[in-house]
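Asker: In my numbering, the protein residues as written are 68 to 226.
The beta carbon of each residue, even a glycine, is placed where N, CA and C say it ideally should be.
1. Measuring alpha carbon to alpha carbon, tell me which of 130, 94, 76 and 195 ends up nearest residue 223.
2. Cα-Cα, which of 188, 115 and 219 is closest to residue 75?
3. Which parts of the segment 104-192 are runs of the alpha helix (DSSP H), unbroken and 4 residues or longer, counting only runs that do not cross its ends?
4. Alpha carbons only, please: which of 84, 73, 104 and 72 is nearest the one belonging to residue 221?
5. If you count every other CB in all the chains shown that lies within 10 Å of the CB of residue 77, and 16 or more means buried, which is it?
6. Report all residues from its chain with a CB closer than 7 Å to the CB of residue 155; omit the five preceding and five following residues, and keep chain order.
7. So, under 8 Å CB-CB, residue 130 and residue 166 are touching, yes? Tell me the CB distance rounded to an integer number of Å.
8. What three-state label does DSSP hand residue 224 in the structure shown?
9. Do the CB positions of residue 140 and residue 118 come within less than 8 Å of each other?
10. Out of 183, 126 and 107, which one is the CA nearest neighbour of residue 213?
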C-alpha cells in the first residue's frame, strides 16, 4: 500500500463552491438552531473544510419570528453591551432584540437576535465577519433570494 498517495486535500479560493440553503425556524430552539447554522456558515459539513478559509454556504433563515427559547429565557436572559463611557453598560433581552427586528429601520435580512447569537459561535476576526455576511434572516416566509435557487434543508437531520 502506497501511503504517499493519501494526501490531505485543502480547499483553495478557486475550488470553493458556495451554495444557498433555506432553513425554516418555525418552532426551533434558538441556540440549537444557531449552532447548526454556524457550522453551515463555516463549512464544517463539507468534506473539503479548511479552517482558515470562508468555505461555508450562504444561509437564509425564514420565519425567524416563530423561533422559541426554553423556559422564560426570552424575557429573563440578559445580554450586555458597553458604550465606552463611564456608566455606559447597557442590558437587553432577546425579547428586546426581537421587537427591534420588527422595525422598518432594520435592514432586510439583518435580524439583531440571530446576528448576536451566531456571531458568538463564529471565529473572531475578519474571517468570522466575512462568514457572518453570508447569513440572511427574515421574520416572514418571504425572502428576496429566489434568483440564487436556494435548496431547502431540514435542520433537524443535521448533527
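Answerer: Reading it off the structure:
1. 94
2. 115
3. 140-143, 161-168 and 179-186
4. 104
5. exposed
6. 149
7. 17 Å between Cβ atoms; not a contact.
8. helix
9. no
10. 126
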